[in-house]
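A.B. asks:
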Amino acid sequence: MNQQKKQLVENQPRLRLRITAAAEAQLRAGHPWLYGDSVREQNRDGAAGELAVIFDRQDKFLAVGLFDPDSPIRVRILHVGKPQTIDAAWWSARLAQSVELRRTLFDDQTNGYRLINGESDGWPGLVLDRYDQTLVMKLYTAAWLPRFEEIANLIRSQLNLQRLVLRLSRNIQPAARKILLSEDGQIVYGDRLEACPTFLENGIRFEADVCHGQKTGFFLDQRENRRAVESLAKGRHILNAFSFSGGFSLYAARGGATSVTDLDISAHALASAERNFALNQSVPAVARCDHKSIQADAFDWFAANEQRKFDLIVLDPPSFAKRETERAGAIRAYEKLAGLGIQHLANGGILVACSCSAHVTAEEFFEAIRRSAAKSARPFQEIQTTRHAPDHHATFKEADYLKGIYLHF
Ligand code: SAH
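The sequence shown begins at 227 in the working numbering and counts up by one.
Listed below in structure tokens is the structure:
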């Protein structure tokens with residue numbers, strides 16, 4: 227932010243809001259968003275990223291958060307309860323808290339994981355992933371932009387890793403260009419990258435396309451499901467549908483799979499999986515595994531290749547419901563996809579179906595897959611259902627997206 231604008235904000239009285247009773251109850255219960263239509267009174271116009279203080283009906287401090295006049299989510303809550311001063315020491319303590327939460331989760335075989343999981347860690351709309359010595363911060367709201375430099379400096383001094391890459395959700399890219407003079411994928415500090423950095427997840431080496439890839443370059447949220455697939459893989463022919471960079475495939479190979487076939491619509495994703503296999507040739511089971519790639523739409527390929535059977539199929543598609551109105555259609559699509567997968571399972575085969583749609587609840591998803599299994603008229607047993615990994619913990623409904631179900635036929 228330029229100096230003149232900063233002065234303007236500092237010389238004004240604190241931005242104060244009064245809100246509806248319903249919103250007050252929600253904030254007290256820990257919900258991290260205040261919608262614009264819940265604001266009853268506001269003492270003045272506010273700028274994106276300034277601190278807004280929310281008062282309750284007794285005129286007492288209720289919460290403080292980041293204001294955003296251009297988003298339906300008007301305030302993203304930083305703190306609820308007793309009044310606190312949001313200063314440099316406060317931000318430093320908050321970062322330390324996120325780091326502390328992960329301190330005992332991983333050993334030296336895992337140096338790629340999520341350090342800050344947005345709202346659920348008290349950093350609304352901000353994600354920080356670590357890939358060995360490279361940190362990737364992804365911002366989903368313009369409210370962070372005026373504060374970005376301060377936060378980046380804090381991360382640099384407190385985490386002491388070599389590089390920080392900034393990623394921006396599409397909707398805030400124009401604002402970032404104006405305020406930070408930054409583009410999506412820009413290196414904030416540290417050497418420029420000659421190639422994608424690599425990191426370890428449970429001892430397997432992966433590349434992460436940190437500057438241009440989906441999310442922050444890798445799907446760190448599936449680590450636990452990948453481990454489960456590794457433990458089920460021995461001697462099996464495996465299909466990894468929606469394989470992306472081959473996360474599940476490498477674990478399956480290390481777990482002793484006879485063959486692993488990646489199926490993805492993107493040639494770019496399949497090429498990344500090839501490189502990840504190449505990175506792990508020193509692992510005998512990976513070197514032995516017969517790895518193949520198919521570039522196709524998964525629905526089309528399943529329908530056109532009825533005769534192909536596998537002993538374990540992973541279905542981990544992109545979100546089928548980007549908004550609430552797509553929920554019913556998404557549930558039908560999950561059911562259909564599972565049905566196609568089951569048709570391609572050999573006797574004794576295992577289906578691993580995942581969903582990352584926050585608009586479809588875990589129970590809705592599990593029921594859809596169970597319905598599909600029942601329709602196949604084949605006997606099956608449910609092995610387990612799974613939820614969020616501990617570094618991706620979700621503290622409220624909208625953040626709760628990942629679920630998996632394992633069925634044995
Ligand atoms: N399972 C992956 C993450 C999957 S992300 C992992 O563990 O890392 C979703 C992937 O689905 C992307 O790679 C995308 O290219 C692919 N995809 C999207 N639509 C598809 C379709 N219709 N058929 C096949 N692949 C598709």
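The beta-carbon is built from N, C-alpha and C at its ideal position, and this holds for glycine as well.
Since we're looking at a predicted model, the values are computed, not measured.
Could you check what DSSP says for R382 in three-state terms: helix, strand or coil?
C.D. replies: Helix.
A.B. asks: Looking only at its own chain, which residues have a Cβ that is under 8 Å from the Cβ of A274, when we skip the five neighbours before and after it?
C.D. replies: These residues qualify, in order along the chain: F293, D294, P295, D296, A368, A369, L371, P372 and A401.
A.B. asks: When you compare the CB positions of A556 and S583, do they come within less than 7 Å of one another, or not?
C.D. replies: The answer is yes: Cβ separation under 7 Å.
A.B. asks: Could you tell me the distance, in whole angstroms, from the CA atom of L327 to the CA atom of N343?
C.D. replies: So the two alpha carbons sit approximately 11 Å from each other.
A.B. asks: Which class does I312 belong to by DSSP, given the choice of helix, strand or coil?
C.D. replies: Coil at I312, not helix or strand.
A.B. asks: Take R514 as the anchor and find which of D488, G482, T612 and A620 has the nearest alpha-carbon.
C.D. replies: Per the Cα distances, G482.
A.B. asks: Rounded to whole angstroms, how far is the Cβ of R597 from the Cβ of E561, which I believe are closer than 8 Å?
C.D. replies: Indeed they touch by this definition, with Cβ atoms about 6 Å apart.
A.B. asks: Please determine whether the Cβ atom of F474 lies at a distance below 6 Å from any heavy atom of the ligand SAH.
C.D. replies: At least one heavy atom of the ligand SAH is nearer than 6 Å to the Cβ of F474, so yes.
A.B. asks: Under the DSSP definition of a beta bridge, which residues are partnered with K629?
C.D. replies: Answer by DSSP bridge pairing, in chain order: S581.
A.B. asks: Just how far apart, CA to CA, sit A522 and L361?
C.D. replies: Computed Cα separation, rounded: 32 Å.
A.B. asks: Run through the segment 343-399 for me and flag every whole alpha helix (DSSP H) of 4 or more residues, listed as ranges in chain order.
C.D. replies: If we require 4 residues or more, the alpha helix (DSSP H) runs fully inside the segment 343-399 come out as 374-385.
A.B. asks: Taking only heavy atoms of the ligand SAH into account, decide whether any of them is closer than 6 Å to the Cβ of D490.
C.D. replies: Checking every heavy atom of the ligand SAH against the Cβ of D490, one is found closer than 6 Å.
A.B. asks: Between R462 and T484, how many whole angstroms is the CB-CB distance? I'm expecting something under 8 Å.
C.D. replies: The Cβ separation is near 6 Å, so the contact holds.
A.B. asks: Distance check for Q399 and V353, CA to CA, integer angstroms please.
C.D. replies: Rounded to the nearest angstrom, the two C-alpha atoms are 16 Å apart.
A.B. asks: In whole angstroms, what separates the C-alpha of G391 from that of E624?
C.D. replies: First, the residue type needs correcting, since residue 391 is Val and not Gly in the sequence shown. About 26 Å.
A.B. asks: Once the 5 residues before and after G567 are set aside, which same chain residues still bring their CB inside 6 Å of it?
C.D. replies: Closer than 6 Å at the Cβ level, and outside the excluded window around G567, lie I539, L541 and L577.
A.B. asks: Figure out for me which residue from L407, S383, D313 and A248 has the closest Cα to the Cα of L277.
C.D. replies: Looking at the Cα atoms, D313 is the closest of the given residues.
A.B. asks: Tell me whether Q521, by its Cβ, gets closer than 6 Å to a heavy atom of the ligand SAH.
C.D. replies: No, since every heavy atom of the ligand SAH falls outside the 6 Å radius drawn around the Cβ of Q521.
A.B. asks: Can at least three beta-carbon pairs, one atom from the segment 329-342 and one from the segment 404-412, be found at a separation below 8 Å?
C.D. replies: Result no; under three Cβ-Cβ pairs closer than 8 Å.
A.B. asks: Nearest-angstrom Cα distance between E255 and E552?
C.D. replies: Residue identity differs from the one stated: residue 255 is Ala in this sequence, not Glu. The straight-line gap from Cα to Cα measures roughly 28 Å.
A.B. asks: If you run the structure through DSSP and keep just helix, strand and coil, what is V414?
C.D. replies: Note: V414 maps to strand in three-state DSSP.
A.B. asks: Using the three-state DSSP reduction, which class does G473 fall into: helix, strand or coil?
C.D. replies: G473: helix per DSSP, three-state reduction.
A.B. asks: Can you tell which of W317, S324, K286 and R320 has the C-alpha that lies nearest to the C-alpha of P309?
C.D. replies: Closest by alpha carbon: K286.
A.B. asks: Within 6 Å: the Cβ of D263 and any heavy atom of the ligand SAH?
C.D. replies: Checking the Cβ of D263 against the ligand SAH gives no.
A.B. asks: What span of residues does the alpha helix (DSSP H) with E500 cover, start to end?
C.D. replies: Looking at the DSSP string, the run of the alpha helix (DSSP H) that includes E500 is A493 to L505.
A.B. asks: Compute every distance between the C-beta of D617 and the non-hydrogen atoms of the ligand SAH, then say whether any falls below 6 Å.
C.D. replies: Flag unset: Cβ of D617 not near the ligand SAH.
A.B. asks: R270: which of A530, R244 and V290 sits nearest, CA to CA?
C.D. replies: Of the listed residues, the one whose Cα sits closest to R270 is R244.
A.B. asks: Report yes if the C-beta distance between Q533 and L426 is below 7 Å; otherwise report no.
C.D. replies: Not closer than 7 Å, so no.
A.B. asks: Please determine whether the Cβ atom of D355 lies at a distance below 6 Å from any heavy atom of the ligand SAH.
C.D. replies: No, the beta carbon of D355 sits no closer than 6 Å to any heavy atom of the ligand SAH.
A.B. asks: Does the beta-carbon distance from A615 to D447 come in below 7 Å?
C.D. replies: Closer than 7 Å, so yes.
A.B. asks: Expressed to the nearest angstrom, what Euclidean distance is found between the alpha-carbon atoms of Y366 and E590?
C.D. replies: Distance between the alpha carbons of Y366 and E590: 27 Å.
A.B. asks: Which first and last residues belong to the alpha helix (DSSP H) in which E589 is found?
C.D. replies: Looking at the DSSP string, the run of the alpha helix (DSSP H) that includes E589 is A588 to K601.
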